[in-house]
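Data block below; observations after.
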Amino acid sequence: MGFDKIAVFGISMGGKAAIIASTKTKEIDAVVADSSAVGFVESMNLRDRVSMGSSKVFSFFVSETLVAYFYELMTGISEDDNKAVNYIDRINTPILIIHGDKDKIVPLKDAHLLYEKAKEPKFIWIVKNTGHHKAHNTHRAEYEERLLNFFDENLKSGTSCDYIQKLFLSVCVDNELGGCLYR
């Protein structure tokens, strides 16, 4: 591909995908996971279950087991086979976990659990007064600086492409995309 180093960057479920993808190939050199869930089912709270089509009364009876059953039925993938927490300890590259302390979609405890299970080198940034994948809005300059510093410090690329890095990072963050490449 013409890149010396590759970093993956994912937001929300994209963070989970970045974690899992980094265990499938040796070509990924760094991982950033922003607002990532441990797994899909555990992160669903009552509001999520209601918003997925069940009534308020019925949602009381919707168990994690039932949600996991339908998840596997619809995706063809076992929820256990698709949990970031079951992969993160296999990552052999630096990882930065970012999470807002006011996230109402993915519990803050997920970030702490992912961090706890990850191998070194690992870094965590809990962003104050910030919701689900909103750190790039509430703390934009610090967000970009932390990501670029993480890439610079952990990828140790011999080529400097600051302008391209910042432009690409800005496009990824503004459009909530992942999969950033770093030269």
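First residue of the sequence shown: -15, per the working numbering; consecutive thereafter. Using N, Cα and C, we set each Cβ at its ideal position, and we do this for glycine too.
CB contact check: residue i to chain B, cutoff 7 Å
{"i": "T9", "result": "As a matter of chain content, chain B is missing from the structure shown, which is built from one protein chain."}
Same chain, Cβ closer than 8 Å to residue i, neighbours up to 5 away in sequence not counted
{"i": "D73", "result": "K101, A102, K103"}
{"i": "I75", "result": "I3, S6, T7, V15, A102, K103"}
Supposed contact pair residue j and residue i - C-beta distance, whole angstroms, cut 8 Å
{"i": "V22", "j": "L98", "result": "7 Å"}
{"i": "F134", "j": "F107", "result": "7 Å"}
Cut-off 7 Å between Cβ atoms - residues of its own chain near residue i, not counting five sequence neighbours on either side
{"i": "K86", "result": "N113, T114, G115"}
{"i": "P105", "result": "P78, N138"}
Exposed unless 16 or more other CB atoms sit within 10 angstroms - verdict on residue i
{"i": "P78", "result": "buried"}
{"i": "A125", "result": "exposed"}
{"i": "N138", "result": "buried"}
{"i": "L92", "result": "exposed"}
{"i": "D13", "result": "buried"}
Enclosing beta strand (DSSP E) for residue i [first to last residue]
{"i": "G84", "result": "79 to 84"}
{"i": "A14", "result": "14 to 18"}
Start-to-end residues for the alpha helix (DSSP H) that takes in residue i
{"i": "F(-1)", "result": "Note that residue -1 is Gly in the sequence shown here, rather than Phe. Unbroken alpha helix (DSSP H) run through G(-1): -3 to 5."}
Cut-off 6 Å between Cβ atoms - residues of its own chain near residue i, not counting five sequence neighbours on either side
{"i": "L80", "result": "V16, F107, F134"}
Original post:
If you scan the region 94 to 124 from start to end, which runs of the beta strand (DSSP E) of 3 or more residues do you find wholly inside it?
Top reply: 106 to 111
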